[in-house]
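Visitor: In the numbering used here, the protein residues as written are 34 to 376.
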Ligand code: TRP
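1. Measure the alpha-carbon distance for residue 113 versus residue 335 and round it to whole angstroms.
2. Can you check which of these residues, 274, 313, 281, 282, is closest to residue 293 by C-alpha distance?
3. Please state the DSSP three-state secondary structure of residue 221.
4. If we count Cβ pairs, one from each stretch, closer than 8 angstroms, do we get three or more for the stretch 169 to 178 versus the stretch 82 to 94?
5. Buried or exposed for residue 268, please, with buried defined as at least 16 other CB atoms from any protein chain shown within 10 angstroms of its CB.
6. Pairing CB atoms from the stretch 330 to 346 with CB atoms from the stretch 130 to 147, are three or more of them under 8 angstroms?
7. Would you mind reading off the limits of the alpha helix (DSSP H) that contains residue 80?
8. I want to check one thing, is the minimum distance from the CB of residue 179 to the heavy atoms of the ligand TRP below 7 angstroms?
9. Taking all protein chains shown into account, decide if residue 341 is buried (16 or more other Cβ within 10 angstroms of its Cβ) or exposed.
10. Quick one: what does DSSP say residue 135 is sitting in, helix, strand or coil?
11. Quick check: the Cα distance between residue 52 and residue 84, rounded to an integer number of angstroms?
12. Straight-line CA distance for residue 386 to residue 346?
13. Does the beta-carbon of residue 241, which I'm using as the reference point, lie nearer than 7 angstroms to any heavy atom of the ligand TRP?
14. On the DSSP letters alone, give me the boundaries of the alpha helix (DSSP H) that residue 122 sits inside.
15. Give me the Cα-Cα distance between residue 266 and residue 243, rounded to the nearest whole angstrom.
16. Tell me whether the beta-carbon of residue 162 lies closer than 8 angstroms to the beta-carbon of residue 103.
17. Please classify residue 54: does DSSP put it in a helix, a strand, or coil?
18. Answer yes or no: do residue 122 and residue 360 have a C-beta to C-beta separation smaller than 8 angstroms?
19. Tell me, please, which residues DSSP counts as bridged to residue 253.
20. For residue 119, which option in 372, 350, 253 has the closest C-alpha, if you only look at C-alpha atoms?
21. Any heavy atom of the ligand TRP inside 7 angstroms of the beta-carbon of residue 176?
22. In the structure shown, what three-state DSSP assignment does residue 247 receive?
23. Round the Cβ separation of residue 260 and residue 191 to the nearest angstrom and send it over; I've been treating them as touching at under 8 angstroms.
24. Which residues bound the beta strand (DSSP E) around residue 284?
25. Which residues mark the beginning and the end of the alpha helix (DSSP H) in which residue 100 is found?
26. Check whether the Cβ atoms of residue 371 and residue 129 sit closer than 8 angstroms, and answer yes or no.
27. How long is the line joining the alpha carbons of residue 157 and residue 298, rounded to whole angstroms?
28. Just confirm the distance between the C-beta atoms of residue 126 and residue 363, as a whole number of angstroms; I'd bet it's less than 8 angstroms.
29. Rounded to whole angstroms, how far is the Cβ of residue 202 from the Cβ of residue 220, which I believe are closer than 8 angstroms?
30. On the premise that residue 301 lies in contact with residue 290, defined as a C-beta separation below 8 angstroms, what is that separation, rounded to the nearest angstrom?
31. Could you tell me which residues DSSP pairs with residue 232 in its beta bridges?
32. Should residue 309 be labelled buried (16 or more other beta-carbon atoms within 10 Å of its own) or exposed?
33. Report yes or no: do three or more beta-carbon pairs, one from the stretch 229 to 237 and one from the stretch 203 to 214, lie closer than 8 angstroms?
34. Does DSSP classify residue 189 as helix, strand or coil?
35. Determine the extent of the alpha helix (DSSP H) in which residue 319 is found, giving its start and end residues.
36. Nearest CA to the CA of residue 182: which residue from 131, 251, 305, 141?
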């Protein structure tokens, strides 16, 4: 354990990575695989902040009871996946009021024309015709506030969030010109070194996503064994019978092989050899068993954490305290630069 001083020095040298996850759906096998590949290494090499974007979840209608439960559940899922709350800063967005405050300052600097271009807003409002609220529209500004509040150097983003990160970069420029340069750090996209891309089970040309409307598209890390078996057995594959990796002609089977390979540690070639002459069904049965077995310890830890809400709240509080120190510092410089009076 480094002491406070050496810890502070390490933080100065390490680059800051920040990543948020909207509190909707459930974390998936894709998140699990991304986590085991990257987190251990990342938490050694970088100063990592992870947060639950609960304010972002409000852009769609939420049932208060379900939302509340999901916030605890997501927090527990992150810990169960192996994120160390001591080594990283893990927190809940709404517990740091500075997000909402910086959001307002940045909203006043962002031209509507920039928001009109956001493709995710267009897609989401087409899907959500009954609830096209202003939050859905200004959501990317809140995301910029999340990033800029912590002076993040790097933000791991998938394709769907790239445009939002670009906007955050534009907003740094607006702030620099309107107020003072150097107050907000310019963030960059972070592409993790390793990590297989896990695709949807029913439509293997798109990524496995936690907020997919069709549950059959993903395995959630807290699905029970029966559900996992059912989902893997019904994964879409082609009508051929030879078990051979081929992304173009057999995207579904190839996705299953990728999952198998990552979870078993065997190469795809080894698995192909093991299944020579066997049917897709054999592979699916074994893969389902492997997924169940892999997730068992994660689920055990998850259920254990969920039994003790006080303990979870204590960990949230510790995370929030660490995050708060940094957020408050940035907000103070921002308010100073903008010309607001602090007393
Ligand atoms: N918008 C992101 C998503 O839907 C979640 C998010 C909110 C985020 N704020 C962020 C991601 C800041 C990275 C950085 O996935």
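All C-beta atoms in this analysis are idealised placements derived from N, C-alpha and C, irrespective of residue type, glycine included.
Since this is a predicted model, take the numbers as computed values, not measurements.
Guide: Answer, in terms of the structure:
1. Against the chain shown, residue 113 aligns to sequence position 80. Against the chain shown, residue 335 aligns to sequence position 302. Taking the straight line joining both Cα atoms gives about 5 angstroms.
2. Here the question's residue 293 lines up with position 260 in the chain shown. Nearest C-alpha to residue 293: 313.
3. Position 188 of the chain shown, counted from the first residue, corresponds to residue 221. The answer is strand: DSSP assigns residue 221 an E or B state.
4. yes
5. Looking up residue 268 in the chain shown gives position 235. Burial call: buried.
6. no
7. The count along the chain shown starts at 1 and reaches residue 80 at position 47. First-last for residue 80: 80 to 86, but that is the beta strand (DSSP E), not the alpha helix (DSSP H).
8. Start at 1 with the first residue of the chain shown, and residue 179 comes out as number 146. True, at least one ligand heavy atom lies under 7 angstroms from that Cβ.
9. Along the chain shown, read from residue 1 onward, the residue named residue 341 stands at position 308. Answer is exposed; the Cβ neighbour count stays below 16.
10. Reading the chain shown from its first residue, position 102 is the one you call residue 135. Looking at residue 135 - three-state DSSP - the assignment turns out to be helix.
11. Here residue 52 refers to the residue found at position 19 of the chain shown. Here residue 84 refers to the residue found at position 51 of the chain shown. Each residue's alpha carbon lies about 7 angstroms from the other.
12. A query on residue 386 cannot be resolved here, the shown segment of the chain reaching from 34 to 376 and no further.
13. Residue numbering aside, residue 241 sits at position 208 when the chain shown is read from its first letter. Flag unset: Cβ of residue 241 not near the ligand TRP.
14. In the chain shown, the residue the question calls residue 122 occupies position 89. First-last for residue 122: 122 to 125, but that is the beta strand (DSSP E), not the alpha helix (DSSP H).
15. Position 233 of the chain shown, counted from the first residue, corresponds to residue 266. Position 210 of the chain shown, counted from the first residue, corresponds to residue 243. Their Cα atoms are separated by approximately 19 angstroms.
16. For the purposes of this step, residue 162 is identified with residue 129 of the chain shown, where counting begins at 1. For the purposes of this step, residue 103 is identified with residue 70 of the chain shown, where counting begins at 1. Against a cut-off of 8 angstroms, the Cβ pair of residue 103 and residue 162 comes out as no contact.
17. Counting from one through the chain shown, the residue named residue 54 turns up at place 21. Note: residue 54 maps to strand in three-state DSSP.
18. The count along the chain shown starts at 1 and reaches residue 122 at position 89. The count along the chain shown starts at 1 and reaches residue 360 at position 327. It is not a contact, given that the beta carbons lie outside the stated cut-off.
19. Walking along the chain shown from the start, residue 253 turns up at place 220. Residue 253 pairs with 61.
20. Here residue 119 is taken as the residue at index 86 of the chain shown, counted from 1. The candidate whose alpha carbon is nearest that of residue 119 is 350.
21. Numbered from its first residue, the chain shown carries residue 176 at position 143. Residue 176: yes, Cβ under 7 angstroms from the ligand TRP.
22. Numbered from 1 along the chain shown, position 214 holds the residue referred to as residue 247. Coil, per DSSP.
23. Start at 1 with the first residue of the chain shown, and residue 260 comes out as number 227. Start at 1 with the first residue of the chain shown, and residue 191 comes out as number 158. About 25 angstroms; that fails the 8 angstroms criterion.
24. As a position in the chain shown, residue 284 is number 251, starting the count at 1. Taken as a continuous stretch (DSSP letters only), residue 284 belongs to no beta strand (DSSP E), being part of the alpha helix (DSSP H) at 284 to 297.
25. Taking the chain shown and counting its residues from 1, the one referred to as residue 100 is at position 67. Note, residue 100: alpha helix (DSSP H), 97 to 113.
26. For the purposes of this step, residue 371 is taken as the residue at position 338 of the chain shown. For the purposes of this step, residue 129 is taken as the residue at position 96 of the chain shown. No, these two residues do not count as a Cβ contact at 8 angstroms.
27. The residue given as residue 157 occupies position 124 in the chain shown. The residue given as residue 298 occupies position 265 in the chain shown. Distance between the alpha carbons of residue 157 and residue 298: 38 angstroms.
28. Mapped onto the chain shown, residue 126 falls at position 93. Mapped onto the chain shown, residue 363 falls at position 330. Residue 126 to residue 363, Cβ: 15 angstroms. No contact.
29. The residue given as residue 202 occupies position 169 in the chain shown. The residue given as residue 220 occupies position 187 in the chain shown. With 8 angstroms as the limit, residue 202 and residue 220 qualify as a contact, their Cβ atoms being about 7 angstroms apart.
30. The residue you call residue 290 lines up with position 257 of the chain shown. The residue you call residue 301 lines up with position 268 of the chain shown. Sure, about 5 angstroms apart at Cβ, within 8 angstroms.
31. In the chain shown, residue 232 corresponds to position 199, counting from 1. The partner list for residue 232 (beta bridge, DSSP) reads 240.
32. For the purposes of this step, residue 309 is taken as the residue at position 276 of the chain shown. By the 10 Å Cβ count, residue 309 comes out exposed.
33. no
34. Within the chain shown, numbered from 1, the residue matching residue 189 stands at position 156. The answer is strand: DSSP assigns residue 189 an E or B state.
35. For the purposes of this step, residue 319 is taken as residue 286 along the chain shown, with counting starting at 1. Residues 313 to 340.
36. Residue 182 sits at position 149 when you count from the first residue of the chain shown. Taking only the C-alpha atoms, the option nearest residue 182 is 131.
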